[in-house]
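There are 2 protein chains.
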Amino acid sequence: MTTSAYQKLEAKFRRQMAIEQASSILHWDAATMMPAGSSEGRGEQLSVLAVLAHETLTGSETADLLDEAEEATFELDDWQAANLKEMRRQWLHANAVPSELVEKMAKASNDCEIQWRQARAASDFSAVKDQMQRVLDLTIESGKAKAEAFNKSVYDALLDQYEPDGSVATIEALFSDLQSWLPKLIGDAIEKQESQPAPLPLDGDFSIENQKSLGEALMNTVGFDFNKGRLDVSAHPFCGGVPDDVRITTRYSEDDFTSALMGVLHETGHAMYEANLPSEWRYQPVGSSRGMSVHESQSLLVEMQVCRGENFLSYLAPKAKEVFHGKGNGWTGENLSQLYTKVERGFIRVEADEATYPAHVILRFELEKAMIEGDLTLSELPTAWNDRMEQLLGVTPPNDGLGCLQDIHWYSGAWGYFPTYTLGAMTAAQLFGAAKTQKAEIPSALRNGDFAPLMTWLKENVHSKASSQSSDEIVKQATGSSLTTEVFKKHLIDRYLA
Amino acid sequence: MTTSAYQKLEAKFRRQMAIEQASSILHWDAATMMPAGSSEGRGEQLSVLAVLAHETLTGSETADLLDEAEEATFELDDWQAANLKEMRRQWLHANAVPSELVEKMAKASNDCEIQWRQARAASDFSAVKDQMQRVLDLTIESGKAKAEAFNKSVYDALLDQYEPDGSVATIEALFSDLQSWLPKLIGDAIEKQESQPAPLPLDGDFSIENQKSLGEALMNTVGFDFNKGRLDVSAHPFCGGVPDDVRITTRYSEDDFTSALMGVLHETGHAMYEANLPSEWRYQPVGSSRGMSVHESQSLLVEMQVCRGENFLSYLAPKAKEVFHGKGNGWTGENLSQLYTKVERGFIRVEADEATYPAHVILRFELEKAMIEGDLTLSELPTAWNDRMEQLLGVTPPNDGLGCLQDIHWYSGAWGYFPTYTLGAMTAAQLFGAAKTQKAEIPSALRNGDFAPLMTWLKENVHSKASSQSSDEIVKQATGSSLTTEVFKKHLIDRYLA
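Here the protein sequences come in this chain order: A and B. Note that the numbering used here has the first sequence beginning at 14, numbered continuously upward. Note that the numbering used here has the second sequence beginning at 14, numbered continuously upward.
Dropping the structure here:
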């Protein structure tokens, strides 16, 4: 029996995925365990692994095998055909851009990121503007090459790196709908909260030990398997590792447990997705998680839809009170709910609540699109940012550190990423809505700390699909329709105005 | 300017070394951090990285470049020439053996190792004999291929994997000298110790926290840089990681701190060697540590020569008493010395003291050489082992679990490794002797917990040489003569009979 082109590709990608997995663990180690003085050597290791993974894709043999396999798709079952499609996507992304440009981009982003840290600390946009211009120019050059390869617009081609098959058209339709009702909803929510008595402060022993103990207990509750994963500490929380060894991180503040706890639950949502990906496709492109919007939907479903909801908070309150040796009357589901769902017009995206968060994202999406398309210069950026903040949220940042310098994305070369946050939030609402409709026992189970019915539904309808379908197909099959703002709107109204 | 063949080889080996470094951190992670359920995926990652590192060496381009570079050694300085020599050695090891044989060997060793764990637990050699025969047969096949490539005997070719340029002739001369006086020395030492009052037991709080705190303090004392390394826990202590990120491990028992503490100091000796390798040759074969005998000499110099000596123990006693909140009169240098230098005729190598240890190694060296050369069959092994134990140490293991099943080496395919332990012990004695002669301040510095004079000497005379010279050349330059048993003998007499 001869080995088909498709089978040869599977062998190649299996190797590439194993290299990526090795890199992923080394990245986790760098963020959690590695001593500070070892970063140079780690950089060398990771850059060699990146080159090796890239070479798997860019060799001429891979191109020939892809052509050959695409001539013989009749031999493939659905998953194999989807796998071949994802192989081609990865190949297009890797081969559209000449390697010199990839190198230039890596260097420019690295330089800019270093400069950005200083510029942000000094709230001085002019200090990083030239470096940012360089990153933007190279991003556009790279985006144009990808646009040609994919036969898409430049922005859509950049977006495809994070959100496969995503499009400006879809996003603009959704975001424009959001914009039509969100500002009023925010105003109404704040007004309502102000008319109510302030939540009671929480009193207890929020030692890191206690926080970790509660965090791990709740990870268990959600379904996290500690036989195939860990919880550690890092400066910037993330979900890393690999599907069979998911490594999530958090950071603790001894003054306040809420941020670390909700952070842990958020990352656990990501982790459940990774862990439930189909193991039989572990080392193939089709076995990977779908784009960033689906990934973010899983973390936000657990954190925002479930864990900041009163059902879960009623379950949490006595548990948390016990772990923290809590005193006072604040340890009730209702009071936790008030604390955990406060709406505020702030400057900083990562500190924003779920009602104001979309405004932050819409602003970034509009501005990055305009910059990519040449409709906004970097000189105009700070003013455009502040003007739009005023329009969308009614606040004007007092300086660029609280404005256009706050996020790393543009400075590190991640253009086209921002919209996935809000697509994720809306997808989370729509999936959770469908889950509750299809499985009526979910809300009462959550009230008892039983995530099994929800997780079973998510595994079946989302996690196990991996990349065998597009985000849109997954959402449509799971919920009966493509993504709309409808369920997200209903969720916000129910939680903040009811 | 054209790139020379030598320069191209440097680029290739730089990549290969970075892959090996990545693997090393992943191995550390597997032993310390990885959850149990993730071992299958880690195996996949490591095996792909091993294949990639191996491919760097086995491609036809590498062979051509080596030939070409060896034609133009006049262009190279001493370090480059030594680097080229080490490249050729690695190439010979990698290319002498056909890849099917490498794969068969990996599988056979893996199967045998699994079976061995059960056989050892059951003290049943017959349960693993067939698997061991398979490993031995493949080891001989592989050894014959290497023997031809290196123009050496089979055993010398296997030895070269662990001890480059080592030879049976040298080892037999040293070991036969050892045998002529060691049995009597052991008897005399035991007799002397039995004639003295028993050491006082140590009383204190040996919590893991306290042990770790003392271990880290002493690592600092020796010179370990925590900005480029860590101390963690694993089932089997080791020194891993990479020179710029040395990861040592230990295991704690709350009943007794001595074993973990001396283990930490032992691994710190290894770590200092790695950390002091010349950073300008970090990613080249010549920049790696010399063979296992030099490596073991560094750990044994710190542990056996220095830290079990009375100078250091006098420094340690009050420190340890304080950390452990020690009570009673046992916390003196003299009493610790009695506890830390007890000679006993035991069955188990890894529990043996420095006086009886060489007997364990001589036995294994003789038997493995006989098996490789076809002079001893596996059916004869258990009896041969027990007979030789009786002759060398005067004890007969009551079962094979305490006899020929105790060590993993033969079952996992590491033939030719054992003699390096005792070569290391003798090298440690000879180096420490020379250091004290050349730098008279070393003993008094150690009495004050100051390792700087010793470490400066070791860095200059051993660590910084890396693989630019042979073990023999390093020892000769540092001590004025090739390795002999003389200083080791003097050390044992001074410590145990004086």
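All C-beta atoms in this analysis are idealised placements derived from N, C-alpha and C, irrespective of residue type, glycine included. Please read all numbers here as calculations on a predicted model, not as lab measurements.
For residue i, does the count of other Cβ atoms within 10 angstroms reach 16, so buried, or fall short, so exposed?
i, result
"B/Thr-396", "exposed"
"A/Trp-470", "buried"
"B/Trp-194", "exposed"
"A/Ile-38", "buried"
"B/Leu-510", "exposed"
"A/His-308", "buried"
"A/Gly-426", "buried"
"B/Gln-419", "buried"
"B/Asp-169", "buried"
"A/Asp-257", "buried"
"A/Pro-411", "exposed"
"A/Pro-214", "exposed"
"A/Pro-177", "buried"
"B/Gln-209", "exposed"
"A/Leu-87", "Looking at the sequence itself, residue 87 of chain A is Phe, so the reference to Leu does not match. So A/Phe-87 ends up on the exposed side."
"A/Asn-342", "exposed"
"B/Asp-42", "buried"
"A/Gln-58", "buried"
"A/Ile-127", "exposed"
"B/Pro-432", "buried"
"A/Asn-164", "exposed"
"B/Thr-498", "buried"
"B/Glu-381", "buried"
Beta carbon of residue i, beta carbon of residue j: below 8 Å?
i, j, result
"A/Thr-369", "A/Ile-199", "yes"
"A/Val-167", "A/Ile-385", "yes"
"A/Ser-310", "A/Gly-414", "no"
"A/Leu-114", "A/Leu-151", "yes"
"B/Met-305", "B/Tyr-175", "yes"
"A/Thr-45", "A/Thr-262", "yes"
"B/Gln-224", "B/Leu-172", "no"
"A/Met-30", "A/Gln-297", "yes"
"B/Val-259", "B/Ala-288", "yes"
"A/Glu-454", "A/Val-299", "no"
"A/Gln-63", "A/Pro-291", "The sequence as given places Ala at residue 63 of chain A; Gln does not occur at that position. Result no, Cβ atoms of A/Ala-63 and A/Pro-291 do not sit closer than 8 Å."
"B/Lys-117", "B/Gly-217", "no"
"B/Gly-416", "B/Phe-360", "yes"
"B/His-283", "B/Ser-312", "yes"
"B/Leu-352", "B/Thr-271", "yes"
"A/Thr-75", "A/Lys-25", "yes"
"A/Met-317", "A/Ala-465", "no"
"B/His-422", "B/Tyr-430", "yes"
DSSP beta-bridge partners for residue i?
i, result
"A/Arg-260", "A/Arg-243, A/Gly-253"
"B/Asp-216", "B/Lys-340"
"B/Ser-17", "Note: B/Ser-17 sits in no beta bridge, so no partner."
"A/Asn-269", "It is Asp, not Asn, that sits at residue 269 of chain A in the sequence shown. In the DSSP output, where bridge partners are listed per residue, A/Asp-269 has A/Ser-266."
Closer than 7 Å: is that where the CB of residue i sits relative to any heavy atom of the ligand MG?
i, result
"B/Trp-92", "In terms of ligand content, the structure shown is empty, and the ligand MG therefore cannot be addressed."
Does the CB of residue i have a neighbour CB from chain C at under 8 Å?
i, result
"B/Leu-65", "The question asks about chain C, but that chain is absent: this structure's protein chains are A and B."
Please confirm if the stretch 329 to 341 of chain A is in contact with the stretch 482 to 491 of chain A, defined as three or more CB-CB distances below 8 Å between the two stretches. no
Threshold first: 4 residues or longer. Then list the alpha helix (DSSP H) segments lying entirely within the stretch 461 to 508 of chain B, N to C. 465 to 474, 484 to 492
May I have a chain-ordered list of the alpha helix (DSSP H) segments no shorter than 4 residues that lie completely inside the stretch 45 to 73 of chain A? 52 to 71
Cβ contact (3+ pairs, closer than 8 Å) linking the stretch 129 to 146 of chain A and the stretch 93 to 106 of chain A: no
Is the number of C-beta pairs between the stretch 142 to 160 of chain A and the stretch 376 to 385 of chain A that are closer than 8 Å three or more? yes
Just to confirm the assignment: which complete alpha helix (DSSP H) runs, minimum length 4, are found wholly within the stretch 178 to 211 of chain A? 181 to 208
Is there contact between the stretch 472 to 489 of chain B and the stretch 390 to 406 of chain B, where contact requires at least three CB pairs shorter than 8 Å? no
If contact is defined by three or more beta carbon pairs under 8 Å, each pair taking one atom from either stretch, is the stretch 347 to 366 of chain B in contact with the stretch 233 to 248 of chain B? no
Which parts of the stretch 358 to 412 of chain A are runs of the alpha helix (DSSP H), unbroken and 4 residues or longer, counting only runs that do not cross its ends? 370 to 385, 394 to 406
Could you check whether the stretch 460 to 467 of chain B touches the stretch 322 to 329 of chain B, counting it as contact only if at least three pairs of C-beta atoms, one from each stretch, sit closer than 8 Å? yes
Output the residue ranges of the alpha helix (DSSP H) runs that lie fully inside the stretch 75 to 162 of chain A and measure 4 residues or longer, sorted by chain position. 91 to 109, 112 to 134
Go through the stretch 405 to 451 of chain A residue by residue and report every complete run of the alpha helix (DSSP H) that reaches 4 residues or more, in order. Runs found: 432 to 451.
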